[in-house]
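Per our numbering, the sequence shown starts with residue 8, numbered consecutively. Structure record follows, encoded as structure tokens.
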Amino acid sequence: MTTPPWKRPTPKKSAGTRLTPENRAWARAAAKRAGRRYPNLIDNMAAARRQREQEQKRGRPGQRDGL
């Protein structure tokens, strides 16, 4: 089993992924389906992964590239 995200060290250099309003709503809906009021780390990580996969399908670079 892999190490849970909250026990992993913080990445040294990463631009991160700024969630779009659509993916933010997706994370909120995931939290609501799980009975939580707000999205947690896992919901946000899943939404970020989903967003990166969508961008790769479209052939678009990440939002923060080029900054």
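Yeah, the Cβ is synthetic: ideal placement off N, Cα and C, and Gly gets one too.
Measuring straight from C-alpha to C-alpha, what distance separates residue i and residue j?
i, j, result
"D50", "N30", "10 Å"
"T24", "P16", "18 Å"
"K14", "A53", "17 Å"
"R44", "R59", "25 Å"
"Q63", "A36", "23 Å"
"T10", "P18", "14 Å"
I need the DSSP call for residue i, collapsed to helix, strand or coil.
i, result
"L26", "coil"
"M8", "coil"
"K39", "helix"
"R44", "coil"
So, is residue i buried or exposed, given that buried needs 16 or more other C-beta atoms within 10 angstroms?
i, result
"A32", "exposed"
"A34", "buried"
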